[in-house]
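Trainee: Take this structure first; my questions come after.
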Amino acid sequence: MQQKDVALEVVNASKAFAGIQAVAGVTLAVPAGQRRGIIGPNGAGKTTLFNLITGTLAMDAGTITLFGRDVSRRPVHHRANLGLGRTYQITNLFLDLSVEENLVLAANPRKLPDFFAPWRSQRSVRARAGDVAEQVALGDKLDTPVRDLSHGEQRQLELGMALAPQPRLIMMDEPAAGLSGTERHHIMALISRLDRSITILLVEHNMEVLLGLTDVVTVMHQGQIIAEDTPAAISQEKTVQDIYMGTLDA
Ligand SMILES: Nc1ncnc2c1ncn2[C@@H]1O[C@H](COP(=O)(O)OP(=O)(O)OP(=O)(O)O)[C@@H](O)[C@H]1O
Ligand SMILES: [Mg+2]
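Per the numbering used here: the sequence shown = residues 198 to 447.
Here it is in structure tokens:
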């Protein structure tokens, strides 16, 4: 595989918190365009690994390469500028602003201080906000204040906020957590319909969801990668079943 075909390469990444080795020498490579699932029991280190990749947390050791560039010691915004996006948590939405205003802000994350008045007239930015709203099934809610959206719709908007800056690699940490069955199904369908050129890293506990959505699944346990294969093969793995049945220590 040529370097430019690799969206993300993590080599020997480690991170400890007060004696807990949350991520313990993780190495993985995700080819551009791949949809990669990450599973593992609570405390396996999935979110910590995500934070190391986005740059929210500094690594103790290891290297991270994004689209061929070493970003190991680069800040969050540098990685974002290279095309790395992640879903926002609900607290990052501006509840009093409309869906469109939130998407416009997300499309221009580095221009926040200017605030958005001048951009409301910028047709290209508003058009993009409209496109993204369509992609996350909120096309008819552009003028709705975020606080009037349902919980499921707010999650759809979080996905839209991550898509607005047009990322090449998008990372989602349990995007359907806390949603009802129908809402879950809806957000997963939206994710599955995303442009195939966008590389996806998705933390998700439900193996059935991963079966339909991902090309490869990585299994984490106690800060390490213990398996990596197609979702079909992973769901048959004895070790993985043991972990989820609780017969291995989490
Ligand atoms: N900021 C922190 N300070 C101290 N310990 C932390 C911190 N963040 C994570 N940990 C610890 O690191 C380990 C890995 O946590 P992490 O949140 O990455 O797991 P996870 O796989 O995302 O779990 P879950 O499925 O519950 O979301 C856990 O033991 C956790 O308690
Ligand atoms: Mg987590």
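Beta carbons: idealized from backbone N, C-alpha and C, even for Gly.
For THR284, is the beta carbon positioned less than 7 Å from some heavy atom of ligand 2?
Mentor: Distances taken from the Cβ of THR284 to the heavy atoms of ligand 2 include none shorter than 7 Å.
Trainee: Taking buried to mean at least 16 other C-beta atoms within 10 Å of its own C-beta, is GLU405 buried or exposed?
Mentor: exposed
Trainee: Sorted by chain position, which residues of the same chain lie with C-beta nearer than 7 Å to THR273's C-beta, five sequence neighbours on each side aside?
Mentor: Just to set this straight, residue 273 is Val in the shown sequence, not Thr. Sequence-distant partners of VAL273 (beyond 5 residues in either direction) whose C-beta falls short of 7 Å from its own C-beta, in its chain, are THR251, GLY252, THR253.
Trainee: Between the C-alpha atoms of ALA210 and GLY222, what's the straight-line distance to the nearest angstrom?
Mentor: One Cα belongs to ALA210, the other to GLY222, and the distance between them is close to 5 Å.
Trainee: Span of the beta strand (DSSP E) holding HIS418?
Mentor: 413 to 418
Trainee: Return helix, strand or coil for ILE250, following the three-state DSSP convention.
Mentor: helix
Trainee: In three-state terms, what does DSSP make of ILE397?
Mentor: strand
Trainee: Would you say the beta carbon of LYS212 comes nearer than 7 Å to a heavy atom of ligand 2?
Mentor: No, since every heavy atom of ligand 2 falls outside the 7 Å radius drawn around the Cβ of LYS212.
Trainee: Which same chain residues, not among the five before or five after GLY242, have their C-beta less than 6 Å away from its C-beta?
Mentor: ALA219, VAL220, MET417, GLY420
Trainee: Sorted by chain position, which residues of the same chain lie with C-beta nearer than 6 Å to PRO310's C-beta, five sequence neighbours on each side aside?
Mentor: With a pLDDT of 47 at PRO310, under the threshold of 50, the modelled position of that residue is not reliable, and the figure given next carries that caveat. No residues qualify anywhere along the chain.
Trainee: Rounded to a whole number of angstroms, what is the C-alpha to C-alpha distance between ASN305 and ALA361?
Mentor: Those two C-alpha atoms are separated by around 8 Å.
Trainee: What does the alpha-carbon distance come out to for the pair THR244 and GLU297?
Mentor: So the alpha carbons of these two residues sit roughly 29 Å apart.
Trainee: For my contact list, ARG344 and ASP293 are in at a C-beta cut-off of 8 Å; report their separation, rounded to the angstrom.
Mentor: So it is a contact: roughly 7 Å between Cβ atoms.
Trainee: Under the three-state reduction of DSSP, which class applies to PRO342: helix, strand or coil?
Mentor: strand
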